[in-house]
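Numbering (the numbering used here), first residue to last: 1 to 58.
Structural data, given as structure tokens:
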């Protein structure tokens with residue numbers, strides 16, 4: 001059940017971000033997609049770096 005709650009929370013934040021950027025700040029869809037891709041790259045890179053730093057194979 002915690003995974004479902006986390007997924008709902010992340011979805012809510014993502015939808016809120018898109019609504020604010022599109023309607024509040026008048027961003028076009030391409031700019032929003034570029035921002036989201038940069039965020040995904042940052043998150044994946046952070047997870048990869050964390051795994052590299054704390055791996056058992058030193």
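A virtual CB, placed ideally from N, CA and C, is assigned to each residue, including glycine.
When DSSP states are grouped into helix, strand and coil, residue 25 belongs to the coil group. Taking 8 Å as the upper bound for CB-CB distance, residue 27 and residue 21 are in contact here, some 4 Å apart. Within the same chain, and ignoring the five residues on either side of residue 11 in sequence, no residue has its Cβ closer than 6 Å to its Cβ. Secondary structure note for residue 4: its alpha helix (DSSP H) is the uninterrupted segment 2-19. Separation of the CB atoms of residue 18 and residue 3 is rounded to 22 Å, and the pair is thereby denied contact status at 8 Å.
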